[in-house]
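Below is one structure, written out as structure tokens, with a few remarks after it.
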Amino acid sequence: MCGIVGYIGKREAYPIILNGLKRLEYRGYDSAGIALYDGSGIQLCKTQGKVSDLEQKVSSHINTTGSLGIGHTRWATHGVPNDINSHPHYSNSGNLVIIHNGIIENYASIKKELLKRGYTFQSDTDTEVLVNLIEEVKK
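With my numbering applied, the sequence shown closes on residue 131, and no number is skipped along the way.
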């Protein structure tokens, strides 16, 4: 079972999302990630392991400013537990980021069609297929 936390408001999103992820740790998970929007771009950081591992990685990899963000803890369903398969996932353009809970049963056929249309994939997850499908539909 995964955990999902989101924040939009006037305060800095990072500490609120991080606290939310820590509060969901009891549910169990194999990886964690966060995406923050600072008004000009999306900062993303994810890792296999605990929220404390994510917190350490964030401190050296991304800018934590921004009042909008999402966070995720994951139990793997598609793709092995590793940094690449952890959520959130970018679309190919980098303009869209998504996290999701559940299983997309027909993701392989959707992925095959998106590959024909020039999309590339970094992970083995159905979630990365979903974010690119949304991007394709938005065209």
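We put the beta carbon where it would ideally sit given N, CA and C, even for glycine.
Starting from the C-beta of residue i, find all residues in its chain whose C-beta is less than 7 Å away, skip the five residues before and the five after it, and write them out in chain order.
i, result
"A5", "Y(-1), L28, G58, S59, L60 and G61"
"S32", "none"
"S115", "G71, I76, N77 and H81"
"Y111", "N84 and N124"
Hey, would you say residue i sits closer than 8 Å to residue j, going by beta carbons?
i, j, result
"L46", "A68", "no"
"H70", "T117", "yes"
"T39", "C(-6)", "no"
"K108", "V121", "no"
"L13", "G86", "no"
"I26", "V50", "yes"
Just the Cα atoms here: how many angstroms apart are residue i and residue j?
i, j, result
"I(-4)", "D22", "14 Å"
"A100", "T56", "34 Å"
"E135", "I96", "Residue 135 falls outside the range modelled here, since the chain spans only -7 to 131, and no answer is possible."
"N98", "V129", "17 Å"
"K42", "R15", "12 Å"
"N93", "N11", "19 Å"
"Q48", "K131", "37 Å"
Going by C-alpha distance, which of the options is nearest residue i?
i, options, result
"G44", "E97, N77, I34 and I9", "Here the sequence assigns Ser to residue 44, which means Gly is not the residue at that position. The candidate whose alpha carbon is nearest that of S44 is I9."
"D30", "G1, R15 and S51", "G1"
"V89", "G110, C37 and I96", "C37"
Assuming residue i and residue j form a contact by the criterion Cβ under 8 Å, report the distance between their Cβ atoms to the nearest whole angstrom.
i, j, result
"P73", "I91", "About 15 Å separates the two Cβ atoms, so there is no contact after all."
Give every residue of the same chain whose Cβ lies closer than 6 Å to the Cβ of residue i, excluding the five residues on either side of it in the sequence, and list them in chain order.
i, result
"S83", "V123, N124 and E127"
"F113", "E120"
"L106", "N124"
Short of 8 Å in beta carbon distance, which residues of its chain neighbour residue i, apart from the five on each side in sequence? Order them along the chain.
i, result
"R3", "S59"
I want to check one thing, is the minimum distance from the CB of residue i to the heavy atoms of the ligand HEM below 7 Å?
i, result
"L122", "Among the components of this structure there are no ligands whatsoever, and the ligand HEM is therefore not found."
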